[in-house]
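A short write-up of the structure that comes next.
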Amino acid sequence: MCGKMADALKIWLWFLSVLNGMQCLFFDLISSRYPIPRIFFWLPVLRLAGIYLILFKRKKCGLYIQCITYIIAADLYSLLLNRSFLPELLQSAPVLLITWLFMRKTRKSFE
Numbered sequence: 003m004c005g006k007m008a009d010a011l012k013i014w015l016w017f018l019s020v021l022n023g024m025q026c027l028f029f030d031l032i033s034s035r036y037p038i039p040r041i042f043f044w045l046p047v048l049r050l051a052g053i054y055l056i057l058f059k060r061k062k063c064g065l066y067i068q069c070i071t072y073i074i075a076a077d078l079y080s081l082l083l084n085r086s087f088l089p090e091l092l093q094s095a096p097v098l099l100i101t102w103l104f105m106r107k108t109r110k111s112f113e
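Per this note's numbering, residue 3 is the first one in the sequence shown, and the count goes up by one each step.
If you want it as structure tokens, here you go:
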């Protein structure tokens, strides 16, 4: 059972890394036309670092890095779009919850 969950976690993390890589490219292309703060480029890069810490180094701190970057991103989006902080944060909660659920089954293999 642990092997299947580890495979599911790997697939999920590779999926997240592709999405965050595409987000980096998107913000890089958009920033050449519009004045977007560079923090929106660096947040997905930091998320990628967290994903790779989980995927390759088996470190729990990768999940913490993801949590922090999603909180910062939700705060920045809420400030820029004049929206409430909570809906922005709830949009990223499923990603963190799924990652945590996959990690929970094999938590003893993480440092």
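Beta carbons: idealized from backbone N, C-alpha and C, even for Gly.
Contact under 8 Å by Cβ, residue i with residue j
{"i": "R60", "j": "N22", "result": "no"}
{"i": "F28", "j": "I38", "result": "no"}
{"i": "C63", "j": "L55", "result": "yes"}
Continuous alpha helix (DSSP H) stretch holding residue i: start and end
{"i": "E90", "result": "F87 to K107"}
{"i": "S80", "result": "C63 to L83"}
Outcome for residue i when other beta-carbon atoms lying within 10 angstroms are tallied against a minimum of 16
{"i": "F17", "result": "exposed"}
{"i": "W102", "result": "exposed"}
{"i": "M24", "result": "exposed"}
{"i": "F87", "result": "exposed"}
{"i": "M3", "result": "Bear in mind that the predicted position of M3 carries a pLDDT of just 40, short of 50, making it too unreliable to give a figure here."}
{"i": "R106", "result": "exposed"}
{"i": "I32", "result": "exposed"}
{"i": "I13", "result": "exposed"}
{"i": "L15", "result": "buried"}
Tell me the start and end of each unbroken beta strand (DSSP E) in the segment 18-51 that is at least 3 residues and wholly inside, in chain order. none
Given 8 Å as the limit, is there contact between the segment 71-89 and the segment 33-47, that is, 3 or more CB pairs closer than that? yes
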